[in-house]
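A short worksheet on the structure shown next.
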Amino acid sequence: MLNAARNFLLDAAPATCVPMGNGHINRTCLLTDEAGNKYTMQKINDSIFKDVPALMENIRLVTEYLRACDPDPRHSLQLVHTKDGKCFHHDETGYYRVYRFVDESVCLERAETQEEFFLSAQAFGSFQNQLAGFDAAVLSETIPRFHDTANRVNNLKIAAANDKMGRLKEVQAEYEFALAREEEAGVMLKLLKEGKLKLRVTHNDTKLNNVLFDEKTRRPICIIDLDTVMPGLAANDFGDSIRFGAATAAEDEIDLGKMTLSLDLYAAYVRGFLGACGGKLTEDEIRTLPMGAKLMTFECGVRFLTDYLEGDTYFRIHREKHNLDRCRTQFKLVSDMENKWKDMERIISEEAAI
Ligand code: ADP
Ligand code: GN1
Ligand code: MG
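Mapping of the sequence shown onto this note's numbering: residues 9 to 362, in sequence order.
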């Protein structure tokens with residue numbers, strides 16, 4: 009990474025590069041230069057993102073737009089250009105980008121208080137609100153059919169039919185769990201096709217650890233991880249946040265007894281998100297928020313299971329069966345949502361007064 013860093017217009021020569029972060033996709037380093045300035049440098053996963061120049065153009069356009077809405081340099085990611093004026097560097101070892109490091113920030117894997125989760129909901133809601141005026145037509149689709157849940161189930165079926173690692177026998181229960189929800193997987197995109205839901209510019213990866221919080225005030229500063237900003241559904245952004253942040257255990261917890269949906273955290277997020285979307289969501293969009301939460305959780309479980317069957321080629325793993333453990337937490341959370349479905353709907357109706 010340090011070699012690639014020399015191609016960027018840093019304030020001084022690059023000095024150190026240390027791995028950081030818990031992302032499953034890119035490789036991230038804390039880069040420093042000889043004057044002590046800090047940056048985040050990332051090697052972009054080009055086996056997942058097939059058109060990195062188009063992805064970087066999306067990020068350039070979106071970050072410029074966000075900066076025009078709010079010029080505070082800590083409130084949006086700031087790309088550092090290369091010496092030849094590009095926003096990424098490419099050589100035989102891969103694609104790299106550099107952002108200015110957001111100082112005195114922390115990234116949370118779990119909200120310590122309900123208030124923190126409420127604030128993250130406001131941050132993602134405002135992000136969507138700010139991008140409401142952005143022309144979606146100029147954005148490339150960085151991963152085609154990213155949140156097409158029915159297609160994700162199809163891919164799982166193909167992986168199961170191939171069973172290239174011989175792991176299918178071990179995951180029969182999970183596989184059946186997925187197949188039993190196959191029909192439901194398509195409901196959101198069906199509503200979109202019927203014109204009942206709006207296509208918006210969304211983030212599409214709204215995990216709590218994709219928000220930087222201020223170390224001291226513990227308030228959100230900046231939304232990061234913009235690789236999947238593209239046209240999408242509001243309920244999916246809402247849903248992915250619930251999947252990760254309103255869960256009572258980590259995404260890879262082994263003790264499934266610990267994994268449930270916290271209705272208190274869920275309600276806090278609903279309040280923050282609806283408030284920050286500034287009344288822009290339609291009634292149909294609001295009514296489908298619980299389904300967004302369930303389908304994003306289900307989809308993630310299906311993706312982890314597919315990757316397990318395919319030999320762990322997509323999500324970075326840190327132990328044997330890591331993707332299977334991740335799949336199991338997601339499916340446990342889906343079951344818990346099914347048990348709490350009426351409460352999930354009631355909380356939405358009460359908060360939105362619909
Ligand atoms: P991934 O796609 O692999 O999840 P992210 O873009 O989310 O990568 O970055 C990984 C981690 O790097 C984040 O969780 C955060 O801790 C840190 N990070 C990323 N960008 C910045 C930044 N500009 N300033 C400070 N920390 C950052
Ligand atoms: C990946 O990059 P990261 O770790 O923020 C994935 C998301 C999944 C998430 C599961 C581009 O997000 O879609 O929901 O892992 N990103 C991509 O934790 O596939
Ligand atoms: Mg991330």
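Positions of the beta carbon are idealized from the N, C-alpha and C atoms, including for glycine. If you're wondering where the values come from, they're calculated on a predicted model, not measured in any experiment.
Query	Result
How should Ala13 be labelled, buried or exposed, when 16 other C-beta atoms within 10 angstroms of its C-beta is the threshold for buried?	buried
Return helix, strand or coil for Phe306, following the three-state DSSP convention.	helix
Would you check whether the ligand ADP has a heavy atom nearer than 7 Å to the C-beta of Thr48?	yes
To the nearest angstrom, how far is it from the Cα of Gly287 to the Cα of Asn159?	31 Å
Just the C-alpha distance for Ala62 and Trp349, rounded to the nearest angstrom, thanks.	39 Å
The alpha helix (DSSP H) that contains Phe125, what's its start and end?	Gln122 to Gln138
How would you write the range of the alpha helix (DSSP H) that Ile356 sits in, first residue to last?	Trp349 to Ala360
Rounded to the nearest angstrom, what separates Glu318 and Asn34 at their Cα positions?	19 Å
Out of Thr24, Asp19 and Ile250, which one is the CA nearest neighbour of Leu10?	Thr24
Just to confirm before moving on: does the CB-CB distance between Val146 and Phe96 stay below 8 Å?	no
Note down the Cα distance separating Lys51 from Ala255, rounded to an integer number of angstroms.	30 Å
Go ahead and label Met173 buried or exposed: buried means 16 or more other beta carbons lie within 10 angstroms of its beta carbon, across all protein chains shown.	exposed
With DSSP as the reference, label Gly102 as helix, strand or coil.	strand
Round the Cβ separation of Asp248 and Thr296 to the nearest angstrom and send it over; I've been treating them as touching at under 8 Å.	Not confirmed; about 14 Å, so no contact.
Please tell me whether Phe125 and Ala276 are closer than 8 Å, where the distance is taken between their beta carbons.	yes
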